[in-house]
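In what follows, a structure is listed as structure tokens, so that the remarks can point back to it.
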Amino acid sequence: MQVKHLLLIAILALTAACSSKEVVDENLSEVELYQQAQTDLDNNSYNSATAKLKALESRYPFGRYADQAQLELIYANYKNAEPEAAKAAAERFIRLHPQHPNVDYAYYLKGLTSFDQDVGLLARFLPLDMTKRDPGAARDSYNEFAQLTSRFPNSRYAPDAKQRMIYLRNLLAAYEIHVADYYLTRQAYVAAANRGRYVVENFQETPSVGDGLAVMTEAYQRLHLDELAATSLETLKLNYPNHPSLVDGQFVPSVAEADNRSWLSKATLGMIESRPPLPPGETRANQDVQKQFQDAKDAIPNELKPKDTNGDVIEEENHEAEGNNSDRSWFSYMTFGVFD
């Protein structure tokens, strides 16, 4: 019931926020607009602050508070849970003021907006595994923080951005492992091996590197690539001797070997096995026609079967050799040779 109440409150709050459009007094001066916007920000009235900051920017585009209003607008949109508006405002500020002393703040808020974008209401109150969700926003946040730290290494926001990048890198690596495990369960061993190798090559120093080596070992074993499997296993044992896939020094696959039998064979515990694979160029229909012909031929009484001069029944092999039945068409089998 608690989650339902929270959802109801959130829906009502969003509805009220969307329906309320504040009208800003046209007689307010630049200083008054900025001061009121600051008061709204201090009181967490982000809708009202956004309206006043937009009015300040449009009415006084060359005023003393114009640049600061653009920065404050990024923050107001971010705090108001409007990620697209916040990122658009940040990109606009970066484009218009690339040399501004506080442009690093725009980069930081842009990355912070993507960082929080996929953490919705349910994720705040329910124990969701973020490594299994779409990593699009996490990847964007990592790239945006990387721009900040590379362009402004001495920025006051760089240390926090670096710590968030470590978290995001671990999250992205764990997501790749989840995808690789899914491929293993689907018997897509080549795709699983490629995902594992991608983690090992691109996410060094993350906890998922050992998992990537384990995935590579298991996938290569299934593919019977013994040399690659042995190399991956030795690397896993050398660098991660306590990995869960290693039991008493022996590798234990995470996914049981696939059972490719038909459902009928599984249901009857193998008493009714499926038919073997067809040879090249053969079809099930052709086999069924041949079986029907053979059954009908076996049902012919001996009195009606062809006999030699001694009165003995001519064997089937000799009859087929004489008639060259191996080259007969399916139509010939269907009509029992009447139209040959």
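For the sequence shown, the positions run -20 to -1, 1 to 320 when mature numbering (1 follows the signal peptide of the UniProt record, and there is no 0) is used.
Don't be surprised by glycine CBs; every beta carbon is placed ideally from N, CA and C.
Quick caveat: nothing in here was measured; it's all calculated off a predicted structure.
In whole angstroms, what separates the C-alpha of residue i from that of residue j?
i	j	result
D84	Y58	16 Å
L101	N60	Its pLDDT being 44, under 50, L101 is placed unreliably in this model, and the value from its coordinates should be taken loosely. Rounded to the nearest angstrom, the two C-alpha atoms are 14 Å apart.
L152	Q79	32 Å
G229	M145	34 Å
T215	A171	20 Å
E12	P115	43 Å
A56	Q15	15 Å
P139	L128	10 Å
A49	N24	16 Å
D161	S234	9 Å
Q201	S130	41 Å
F231	D191	12 Å
V195	R177	8 Å
D206	Y169	14 Å
T186	S28	43 Å
L76	T30	19 Å
I280	G291	17 Å
H299	K277	Since pLDDT at H299 reaches only 44, below the 50 mark, its modelled position is unreliable, and the value read off the structure follows with that caveat. About 12 Å.
P41	R72	14 Å
R39	V159	51 Å
Let me check understanding here. Comparing Cα to Cα, which of the options lies closest to residue i?
i	options	result
Y45	N27, A17, A68	A17
N182	E214, A279, D47, R149	R149
E52	A66, S9, V195	A66
I157	D288, L193, L36	L193
T197	N222, L128, A209, P187	A209
I74	D96, D47, Q97	D47
N174	E185, L203, D20	L203
Q143	Y178, Y88, V159	Y88
I54	Y220, K34, S38, E207	K34
Q97	H77, N27, Y122	Y122
A9	S225, K285, L36	With the sequence shown as reference, residue 9 is identified as Ser, and Ala is not the correct amino acid for it. The candidate whose alpha carbon is nearest that of S9 is L36.
A70	N219, L218, K90	K90
N82	N134, D278, S188	N134
R136	Y147, A86, V159, D120	A86
P63	H77, D292, D120	D120
P224	S188, E207, N27	S188
A154	A141, F132, Q184	Q184
Determine which residues share a DSSP beta bridge with residue i and list them.
i	result
Q230	V227
Classify residue i as buried or exposed, calling it buried when 16 or more other Cβ atoms lie within 10 Å of its own Cβ.
i	result
L92	buried
S94	buried
T165	exposed
D22	exposed
F273	buried
L106	Confidence is the limiting factor: at L106 the pLDDT is only 47, short of 50, which leaves the residue's position unreliable and the question unanswerable from this model.
F125	buried
T19	exposed
V179	buried
E283	exposed
S212	buried
K285	exposed
K287	exposed
Could you tell me whether the Cβ of residue i comes closer than 7 Å to any Cβ of chain B?
i	result
L92	Here chain B cannot be found, since the structure has a single protein chain.
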